[in-house]
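Student: Sharing a structure with you now.
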Amino acid sequence: MAQAKIKPRAEDYAQWYQDIIQHADLAEPAGVVKGCMVIKPHGYAIWEAMQADLDRRFKATGHKNAAFPLLIPMSFLEKEAEHVEGFAPELAVVTHAGGKELEEAYCIRPTSETIIGHFFAKWIDSHRDLPLLINQWANVMRWELRTRMFLRTSEFFWQEGHTAHATHDEAKEEVARMLDVYRDFAREMMAMPVVRGIKSAHERFAGALETLTIEAMMQDGKALQSGTSHDLGQNFGKAFDVTFQNAEGEREYVWQTSWGLSTRMIGALIMTHSDDDGLVLPPRLAPIHVVIVPIYRKDEERDAVLEAADRIAADLRDDGLRVEVDKRTGMKPGAKYYEWERKGVPMRLEIGPRDLEQRAVMSKMRLAELDERGRPMKETLPWDGLGVEIGKRLDRFQEELYERALKMREENTHLVDTWDDFVAAFEGSKSSFVYAHWDGTTETELAIKEATKATIRCIPLEGEGPPPEPGKCIKTGEPSAQRVLFAKNY
RNA sequence: CGGGGUGUGGCGCAGCUUGGUAGCGCGUCCGCUUUGGGAGCGGAAGGUCGAAGGUUCGAAUCCUUUCACCCCGACCA
0 MAQAKIKPRA
10 EDYAQWYQDI
20 IQHADLAEPA
30 GVVKGCMVIK
40 PHGYAIWEAM
50 QADLDRRFKA
60 TGHKNAAFPL
70 LIPMSFLEKE
80 AEHVEGFAPE
90 LAVVTHAGGK
100 ELEEAYCIRP
110 TSETIIGHFF
120 AKWIDSHRDL
130 PLLINQWANV
140 MRWELRTRMF
150 LRTSEFFWQE
160 GHTAHATHDE
170 AKEEVARMLD
180 VYRDFAREMM
190 AMPVVRGIKS
200 AHERFAGALE
210 TLTIEAMMQD
220 GKALQSGTSH
230 DLGQNFGKAF
240 DVTFQNAEGE
250 REYVWQTSWG
260 LSTRMIGALI
270 MTHSDDDGLV
280 LPPRLAPIHV
290 VIVPIYRKDE
300 ERDAVLEAAD
310 RIAADLRDDG
320 LRVEVDKRTG
330 MKPGAKYYEW
340 ERKGVPMRLE
350 IGPRDLEQRA
360 VMSKMRLAEL
370 DERGRPMKET
380 LPWDGLGVEI
390 GKRLDRFQEE
400 LYERALKMRE
410 ENTHLVDTWD
420 DFVAAFEGSK
430 SSFVYAHWDG
440 TTETELAIKE
450 ATKATIRCIP
460 LEGEGPPPEP
470 GKCIKTGEPS
480 AQRVLFAKNY
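Structure, rendered in structure tokens:
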């Protein structure tokens, strides 16, 4: 295990982020494949927890999983003009296979709208076939110029939902519904508050009529686009001839949507909750809820302590908790404490001879207050009803993480009305969430980015951000219907 | 892709200017003593110095090329 200290956030946020990933043993750069990473077991377990919950939510909203080819004929991409323009620069292309050059090159999927569009055309014939609600869990590849672990790697894992509907209204409902699924997932599982909104034309998905997004604030004030839901209109329907016969017997193009959320969320988790001591995980996504550290001096003590630890672990597992007993020898308890804290385990139990006598355990939460002597506060919990008590504390911890993240965001969210204040808000490497008026043009959006590096993260949906009120564009003074969210972003 | 930086045992680094065949800390393995907030002592293992060429009697060190990673941009989930 690495021994060098985690770089404090205040000194070098980027280095801190790298250190957390290494010290928590989440992933490492592949090295032998540019821009790709190996997600290690502790990191992958977090993704599996995310997948399990999202999959349940997708199925609860009527979606079914399917799998489409990794390789897509190049000609498919070219069928939708904006789509190919958006993705062409970052495609990895397969030109040879089976020892000879292919007649038509394949690209490794950067996203699957095109190949799924092709199959939708085969599968959909009648309005009775609609809506068609499909999700795919997959890896995709986009040859990014600058990569950062979890946030932007050449290969990444995600889910992509693809649906086809008979009417635009139905499709728009789906787009909004799935955005809310993402919002709820972020809130309930990740303990991460998000702002829902609409992407500006410039930030929209290549080939979409409209892109909805959830944007989260990271600890350094930058925004992270955390999930997107696209209204594809009939663009792909027309490109792939996906048509159906309506109730009146007329042939119509379908209305499609797509929506995705990726392993980037692990990066979001890190930058939302973790601290200078290591990873901090919300209990609902933690691969291990509780680690039990047995403490003993003599062999007799050892047997009794381990027996009790195993029994408690078994009881807690029966209560639905994910528990690990750290039986490693030759390692002092303190060393184990530090290691599990680096890995983000929400709660630790210590059990030793003293506890055996009292029929109790010592418990310590990952984010514990310090006492007068600067030591983390611990709490004695009796064996009776232990699972219930731990459950309560984990639930409270989950909620505290959310409250803490929300507070952090609110303290770093501002309404700005003058250009000078706007520039000051993004001076140097500073970032925060700034709600300001914008005249609605891409030209102004780009000028603001050029001057401040801040971009429009989204046009907030109703109920998000400040109440809509007309005003004047921060840059041009032209009329604006509502404030939009500006921030630097990952 | 432009600019900058870095590649030396699992991790963190020194050595490079002034070439002489690799060292430190942590970790790992074995033994004994330890174990309620990062253990101590003794012994041991582990490295084609990112890769390929070149210069040289001799290259971690000098030259060329290349690969990867990190940071700042531009591009993007």
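Note that the first sequence covers residues 0 to 489 in numbering that gives the first Met the number 0. Think of the CB as a built atom: it goes at the ideal place given N, C-alpha and C, for glycine as much as any other residue.
1. Count Cβ pairs between the region 172-192 and the region 293-308 that sit closer than 8 Å; are there 3 or more?
2. Using the Cβ count rule (16 or more neighbours within 10 Å means buried), how would you classify A185?
3. Tell me, which residues are paired with D354 by DSSP?
4. Could you check the C-alpha separation between F421 and S199 for me, to the nearest Å?
5. Got a sec? Which residues, its chain only, sit under 6 Å from P352 by beta carbon, not counting five neighbours each side?
6. DSSP puts S261 in a beta bridge; with which residues?
7. Flag this pair as yes or no: are the beta carbons of H41 and D24 separated by less than 8 Å?
8. Can you pull the DSSP bridge partners for I71?
9. Please state if the CB of G34 and the CB of T152 are separated by a distance shorter than 8 Å.
10. Once you ignore the five residues that flank A44 on each side, which residues in its own chain have a CB closer than 6 Å to its CB?
11. Within 10 angstroms of the Cβ of H161, are there 16 or more other Cβ atoms? Answer buried if so, exposed if not.
12. Q135 by DSSP, collapsed to three states: which one?
13. Taking three-plus beta-carbon pairs below 8 Å as touching, is the region 190-207 in contact with the region 438-458?
14. What first and last residue would you give for the beta strand (DSSP E) that runs through V94?
15. Which residue marks the beginning of the beta strand (DSSP E) containing T227, and which one marks its end?
16. When we look at the beta-carbon of A1 and count the other beta-carbons within 10 Å, is it buried (16 or more) or exposed?
17. Looking at L355: is its Cβ nearer than 8 Å to the Cβ of V289?
18. So for Q21, helix, strand or coil by DSSP?
19. Are F239 and L129 touching if we call contact CB-CB under 8 Å?
20. Applying the criterion that 16 or more other CB atoms from any shown protein chain within 10 Å of the CB defines a buried residue, is V360 buried or exposed?
21. So I350 and I291 are in contact, right, with Cβ under 8 Å, and what is the actual spacing, rounded?
22. Mind reading off the beta-carbon distance from I123 to V279? Whole number of angstroms is fine, and I expect it under 8 Å.
23. For G439 and S479, what's the separation of their Cα atoms in angstroms?
24. Just to confirm the assignment, what range does the alpha helix (DSSP H) spanning L315 have?
25. Here's a check: name, in chain order, each residue in its chain whose Cβ is nearer than 8 Å to the Cβ of D325, leaving out the five neighbours to either side.
26. Taking W15 as the reference, which of G61, D219, S428 has the closest Cα?
27. Within the region 316-383, note down every full beta strand (DSSP E) run reaching 3 residues or more, in order along the chain.
28. DSSP on F119, reduced to helix/strand/coil?
29. Excluding the 5 residues flanking C472 on each side, which residues of the same chain have their C-beta closer than 6 Å to its C-beta?
30. Using only CA atoms, which one of A59, F75, P28, K39 lies nearest to K342?
31. Can you find the residues in the same chain that come closer than 7 Å, C-beta to C-beta, to L90, ignoring five residues on each side of it along the sequence?
32. Can you give me the C-alpha to C-alpha distance between T262 and E477, rounded to a whole angstrom?
33. Which residue comes first and which comes last in the beta strand (DSSP E) that contains Q244?
34. Whole angstroms is fine: what's the gap from E402's alpha carbon to L380's?
35. Answer with buried or exposed for N134, where buried requires no fewer than 16 other C-beta atoms within 10 angstroms of its C-beta.
Tutor: Inspection of the coordinates gives the following:
1. no
2. Indexing the first sequence from 1 puts residue 185 at position 186. Result: buried.
3. As a first step, residue 354 must be located in the first sequence, where it is residue number 355. For D354, DSSP assigns no beta-bridge partner whatsoever.
4. By one-based count along the first sequence, residue 421 stands at place 422. By one-based count along the first sequence, residue 199 stands at place 200. Cα to Cα, F421 sits roughly 19 Å from S199.
5. Residue 352 sits at position 353 when you count from the first residue of the first sequence. Excluding positions up to five away in sequence, the list reads E300.
6. For this step, residue 261 is matched to residue 262 along the first sequence. Paired residue(s): W157.
7. Within the first sequence, the letter at position 42 stands for residue 41. Within the first sequence, the letter at position 25 stands for residue 24. Against a cut-off of 8 Å, the Cβ pair of D24 and H41 comes out as a contact.
8. Taking the first sequence and counting its residues from 1, one reaches residue 71 at position 72. DSSP lists C106 as partners of I71.
9. Here residue 152 is taken as the residue at index 153 of the first sequence, counted from 1. Here residue 34 is taken as the residue at index 35 of the first sequence, counted from 1. Yes, the pair counts as a contact, with Cβ atoms nearer than the cut-off.
10. For the purposes of this step, residue 44 is taken as the residue at position 45 of the first sequence. If we look at A44 and ignore the five residues flanking it on each side, its Cβ neighbours are P286.
11. If you number the first sequence from 1, residue 161 lands on position 162. With 16 or more other Cβ atoms inside 10 Å of its own Cβ, H161 counts as buried.
12. The sequence position of residue 135 within the first sequence is 136, counting from 1. It is a strand residue.
13. yes
14. Mapped onto the first sequence, residue 94 falls at position 95. Strictly speaking, residue 94 in this sequence is Thr, with Val absent from that position. For T94, the uninterrupted beta strand (DSSP E) run begins and ends at 92-96, by DSSP.
15. Residue 227 sits at position 228 when you count from the first residue of the first sequence. Start and end: 222-232.
16. Mapped onto the first sequence, residue 1 falls at position 2. Residue confidence is low: A1 scores 41 on pLDDT, short of 50, so the model does not pin down where it sits. No coordinate-derived value is stated.
17. By one-based count along the first sequence, residue 355 stands at place 356. By one-based count along the first sequence, residue 289 stands at place 290. No, they are not a contact pair.
18. To locate residue 21, count along the first sequence from 1; it is residue 22. DSSP places Q21 in helix when its eight states are reduced to three.
19. The residue labelled residue 239 in the question sits at position 240 within the first sequence. The residue labelled residue 129 in the question sits at position 130 within the first sequence. In this structure, L129 does not lie closer than 8 Å to F239 by Cβ.
20. If you number the first sequence from 1, residue 360 lands on position 361. With 16 or more Cβ atoms within 10 Å of its Cβ, V360 is classed as buried.
21. Position 351 of the first sequence, counting from 1, holds the residue named residue 350. Position 292 of the first sequence, counting from 1, holds the residue named residue 291. In this structure I350 touches I291 by the C-beta definition: roughly 6 Å separates them, less than 8 Å.
22. On the first sequence, position 124 is the one that residue 123 refers to. On the first sequence, position 280 is the one that residue 279 refers to. That belief does not hold up - the Cβ atoms of I123 and V279 are roughly 46 Å apart, past 8 Å.
23. Translated into positions along the first sequence, residue 439 becomes position 440. Translated into positions along the first sequence, residue 479 becomes position 480. Their backbone Cα atoms lie some 7 Å apart in a straight line.
24. Counting from 1 along the first sequence, the entry for residue 315 is found at position 316. In the DSSP assignment, L315 falls within the unbroken alpha helix (DSSP H) covering 298-317.
25. Taking the first residue of the first sequence as 1, we reach residue 325 at position 326. Once the five neighbours on either side are set aside, the close Cβ partners of D325 are V290, I291, V292, P293, K335, W339.
26. Position 16 of the first sequence, counting from 1, holds the residue named residue 15. The residue with the shortest Cα to Cα distance from W15 is D219.
27. 322-324, 346-350, 359-364, 378-381
28. Position 120 of the first sequence, counted from the start, is the residue given in the question as residue 119. Helix at F119.
29. Start at 1 with the first residue of the first sequence, and residue 472 comes out as number 473. For C472, where only same-chain residues beyond five positions count, the Cβ hits under 6 Å are H436, W437, D438, S479.
30. Position 343 of the first sequence, counted from the first residue, corresponds to residue 342. Minimum Cα distance to K342 is reached at K39.
31. In the first sequence, residue 90 corresponds to position 91, counting from 1. Closer than 7 Å at the Cβ level, and outside the excluded window around L90, lie C106, P109, W142.
32. Here residue 262 refers to the residue found at position 263 when the first sequence is read from its first residue. Here residue 477 refers to the residue found at position 478 when the first sequence is read from its first residue. If you take the alpha carbons of T262 and E477, they lie about 40 Å apart.
33. Taking the first residue of the first sequence as 1, we reach residue 244 at position 245. Start and end: 242-244.
34. Taking the first residue of the first sequence as position 1, residue 402 is located at position 403. Taking the first residue of the first sequence as position 1, residue 380 is located at position 381. Each residue's Cα considered, the two are about 25 Å apart.
35. Start at 1 with the first residue of the first sequence, and residue 134 comes out as number 135. By the 10 Å Cβ count, N134 comes out buried.
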